[in-house]
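If you count the sequence shown from 1, you need to add 68 to reach the numbering used here. From the three backbone atoms N, C-alpha and C, an ideal C-beta is built for every residue, glycine too.
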Amino acid sequence: MPEIKKASCLFCSFQCSFGMEMDAGVPVRIDPDMEAPHNLGSLCTRGHYNLELLVHPRRNLATTVNRRRVPWMSGVTKVAGKLKEIKEADGGDALGVIVGTELSNEDYAAAAAFAAGTLGTRNIAVAYDGNDYPFLRGGGGGDATPSDLDAADCFVLVGDIFWGHPSVAKRIIGSRYKSRTNRIYTLNPYRTNTDWFADRHIAVRPGAEPVVLAGLLAAMNAQGAPRVELDSAAAAGGLTTSELTAIADGLKEHHKVVVMVSSRLGDSASGFLTGQLAALLAQKVGGKYAPLFRGGNALGAYNTIGSARTAPEILSDVVSGKIKGLLVFGPDILQLYPGAVSTDDLEKLQVLAASGIFENDTTKHSDVGLPQAVWTEMAGSYTGSLGIATTIAPLTDAQGDARSTGEMLSDIAGEMGAALPAVGGSAGEHPELPIDTQAELDRIAGQSVKEGVVLIEGINPLHRWDGTITGRMSFPTVISPYCDVWIGEEIARTLGVEAGSNVALATERGETTIIATVTDRMPGGLVAIPSYVPDVRGLLAWTLNSSTKWFDVAASGVKVTPGT
69 MPEIKKASCL FCSFQCSFGM EMDAGVPVRI DPDMEAPHNL GSLCTRGHYN LELLVHPRRN
129 LATTVNRRRV PWMSGVTKVA GKLKEIKEAD GGDALGVIVG TELSNEDYAA AAAFAAGTLG
189 TRNIAVAYDG NDYPFLRGGG GGDATPSDLD AADCFVLVGD IFWGHPSVAK RIIGSRYKSR
249 TNRIYTLNPY RTNTDWFADR HIAVRPGAEP VVLAGLLAAM NAQGAPRVEL DSAAAAGGLT
309 TSELTAIADG LKEHHKVVVM VSSRLGDSAS GFLTGQLAAL LAQKVGGKYA PLFRGGNALG
369 AYNTIGSART APEILSDVVS GKIKGLLVFG PDILQLYPGA VSTDDLEKLQ VLAASGIFEN
429 DTTKHSDVGL PQAVWTEMAG SYTGSLGIAT TIAPLTDAQG DARSTGEMLS DIAGEMGAAL
489 PAVGGSAGEH PELPIDTQAE LDRIAGQSVK EGVVLIEGIN PLHRWDGTIT GRMSFPTVIS
549 PYCDVWIGEE IARTLGVEAG SNVALATERG ETTIIATVTD RMPGGLVAIP SYVPDVRGLL
609 AWTLNSSTKW FDVAASGVKV TPGT
């Protein structure tokens, strides 16, 4: 007889709860969890992929050495031997560990203990997506709860919240329409689905979100905020100074304000300041700050693994040859950060061991491939946004050789001659970043709208950010088989681009062909690109910022021309 087991989704940090119908131990259907205290039975398209993840015929389930299938312990022995050899020859800091943002809190604790205790290295970092890391460093994990969304009489939404995190929309829209005086203000460079529900859409210049937030604080005469000229802040949001001041006055009139942010790829200092100033704005109006992250357990990773090193810094050391052995658990670093490290750089490593739910570009170039269990196949706890704390019990046993990261590390440590060090409960430490916030704000405020075509990341409700998992799901392939860029009507006429036609999209890093959707949502020369498509993502340059310790993501030499 079928039974319903409950679990949670990790395709974003809202961690929606859902039910899985099981028939004789086999998952057969996603069922809404109407008792879920935060998503209230809602589940977005990505959440429904949790079924296909468990039954997908192309799951990565075999251990490999040099691309040949081997028994589990043969792979473990290979990894352990090489790690031990490198450590003895060059010391622990010649080794590195990178983890993704969908592991459990227990896995993160095990990884931290393994890096410090077994490898003797400080080179452990989290592969965050987008500007999650700068957001966390700037504003922290927030103080809002789901009940704060229900009680709110005003929302300031930065980013495309409703497409990036669709299930949160139900509570926000419900609160907005409880009273005619309730309000939603949005900050987005182009008109997104979130902006459809806004009382006022602030069409902010890409990357200038912190300038508008600082302007709102300045209009309130808020103490402790970095300085910005009101006219500069207003111009950054396409507003007049009086309009900006009126919005600030309106915020002060509300008693339960929630400031919510979601990140895009872009300027990492802008991401840091957006988190910092969004949190400060919430504090100054007596409200709550609610950051939403792209990584399902990004906050759990941040709380457990410190920032002595970041993923960009570790990859830089791989490129320079300082790191000779690398373990990657979860992310496809070649697709997540294209150009930050190359296949040649990975091939030069003395050992690369990589795990993934599916085979990916990184596992293909690894010496040892380790199959990763799906989060619904292993027990673990997770820390979400809005104070959400999730515990998942396995829906099924892990398939094939798939294991949790903690289990992998335990076996590797054992083969290196010692048990995995005791996992403590200490929090990750995050040294202060060398950011001059006033100087960075002045820099961003002083920028002008770029002429010609400007690329911006478009958020897609069918895909998870870099596409390494959702790109393999059947539903988006059927519903939306052709990826597209969004181009404004005016620039399309100027370039001679017709709706539905192919265009050549080029930057200094390369060129690809893609379908154009011509829409009145896009202002000026702004073009929204699908960052989940590897060929498109690879057109962007990923550059380590020495102040934020994260990537600045930008495109240079952009050209859009009609295709053939």
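Cutoff 6 Å; reference residue i; Cβ partners in own chain excluding five residues on either side
| i | result |
| --- | --- |
| Pro234 | Cys112 and Pro529 |
| Gly455 | Thr213 |
| Ala220 | Ser243, Lys324 and Val326 |
| Ala144 | The question names Ala, yet the displayed sequence has Val at residue 144. Closer than 6 Å at the Cβ level, and outside the excluded window around Val144, lie Asp479, Ile480 and Glu483. |
| Asn250 | Asp221 and Arg244 |
Between the CA atoms of residue j and residue i - distance to the nearest angstrom
| i | j | result |
| --- | --- | --- |
| Asp228 | Asp588 | 17 Å |
| Tyr357 | Ala347 | 5 Å |
| Thr575 | Val626 | 4 Å |
| Phe619 | Ala195 | 11 Å |
| Leu594 | Lys518 | 9 Å |
| Trp264 | Asp413 | 45 Å |
| Ser449 | Val546 | 33 Å |
| Gly564 | Val521 | 13 Å |
| Gln403 | Asp479 | 28 Å |
| Phe86 | Asp99 | 6 Å |
| Gly437 | Arg135 | 8 Å |
| Gly208 | Val226 | 16 Å |
| Val409 | Lys432 | 15 Å |
| Ala466 | Asn371 | 27 Å |
| Ala623 | Ala461 | 43 Å |
| Leu607 | Pro549 | 21 Å |
| Ser310 | Ile527 | 31 Å |
| Ser615 | Leu501 | 6 Å |
| Asn107 | Ser215 | 11 Å |
| Leu510 | Arg605 | This sequence places Asp at residue 510; Leu is not what is there. Each residue's Cα considered, the two are about 29 Å apart. |
| Gly211 | Phe223 | Checking the sequence shown, residue 211 turns out to be Asp, not Gly. Straight-line Cα distance between these residues: approximately 15 Å. |
| Ala369 | Ala567 | 42 Å |
| Thr580 | Glu525 | 16 Å |
| Gly89 | Val167 | Sequence inspection shows Glu at residue 89; the Gly mentioned does not correspond to that position. Their backbone Cα atoms lie some 31 Å apart in a straight line. |
| Lys390 | Pro380 | 14 Å |
| Asp218 | Pro105 | 12 Å |
| Ile425 | Glu120 | 12 Å |
Residue i: first and last residue of the uninterrupted beta strand (DSSP E) it sits in
| i | result |
| --- | --- |
| Ile166 | Leu163 to Val167 |
| Thr575 | Asn570 to Thr575 |
| Tyr370 | Unbroken run through Tyr370 is the alpha helix (DSSP H), Ala366 to Thr372; no beta strand (DSSP E). |
| Leu394 | Gly393 to Phe397 |
| Glu71 | Glu71 to Ser76 |
| Gly437 | Val436 to Pro439 |
| Glu89 | Ser85 to Asp91 |
| Phe230 | No beta strand (DSSP E) contains Phe230, which is instead part of the alpha helix (DSSP H) from Ile229 to Gly232. |
| Ile270 | Arg268 to Ile270 |
| Lys356 | Lys356 to Leu360 |
Cβ-Cβ separation, residue j to residue i (assumed contact under 8 Å), whole Å
| i | j | result |
| --- | --- | --- |
| Ala304 | Ala293 | Not confirmed; about 15 Å, so no contact. |
| Gly306 | Ala271 | 4 Å |
| Ser599 | Trp554 | About 13 Å separates the two Cβ atoms, so there is no contact after all. |
| Ala470 | Leu129 | 6 Å |
| Pro278 | Ile512 | 6 Å |
| Pro489 | Gly185 | 3 Å |
| Asp552 | Ala584 | 7 Å |
| Asp400 | Thr378 | Going by Cβ atoms, the distance from Asp400 to Thr378 rounds to 18 Å, so no, they are not a contact pair. |
| Thr254 | Ala266 | 4 Å |
| Thr308 | Gly206 | Rounded, the Cβ-Cβ distance is 28 Å, inconsistent with contact. |
| Ala290 | Lys352 | 4 Å |
| Gly374 | Glu497 | 4 Å |
| Ser423 | Pro439 | 7 Å |
Residue range of the alpha helix (DSSP H) that includes residue i
| i | result |
| --- | --- |
| Val280 | Glu277 to Ala287 |
| Glu153 | Trp140 to Asp158 |
| Tyr117 | Tyr117 to Val123 |
| Val546 | Ser542 to Ile547 |
| Lys238 | Ala237 to Arg244 |
| Phe203 | Asp200 to Gly207 |
Residue i beta carbon near the ligand FMN (any heavy atom closer than 6 Å)
| i | result |
| --- | --- |
| Asp385 | This structure simply doesn't include the ligand FMN, nor any ligand for that matter. |
Contacts around residue i, its chain only, beta-carbon distance under 7 Å, and the 5 residues preceding and following it disregarded
| i | result |
| --- | --- |
| Pro591 | Tyr258, Ala271 and Gly556 |
| Ala486 | Thr186 |
| Val601 | Gly535 and Cys551 |
| Val387 | Val409 and Asp413 |
| Ser384 | Leu612 |
| Gly198 | Ser331, Arg332, Leu333, Arg362 and Trp533 |
Cut-off 8 Å between Cβ atoms - residues of its own chain near residue i, not counting five sequence neighbours on either side
| i | result |
| --- | --- |
| Leu367 | Ser81, Leu204, Gly209, Phe361, Thr451, Gly452 and Ser453 |
| Leu463 | Lys73, Ala75, Met88, Met90, Pro95, Leu122, Thr444 and Glu445 |
Interface flag, residue i vs chain C, CB-CB below 7 Å
| i | result |
| --- | --- |
| Thr372 | Among the chains of the structure shown, chain C does not appear; only one protein chain is present. |
Give the list of continuous alpha helix (DSSP H) stretches no shorter than 4 residues that lie fully inside the stretch 284-336.
List check, alpha helix (DSSP H) in window: 298-304 and 309-321.
Practice task
Counting only runs of 4+ residues fully inside the stretch 444-526, write out the alpha helix (DSSP H) ranges in chain order.
Solution key: 473-483 and 505-513
Taking only runs that begin and end inside the stretch 548-624, name each unbroken beta strand (DSSP E) of 3 or more residues, in chain order. 552-556, 570-575, 578-587, 594-598, 609-613 and 618-622
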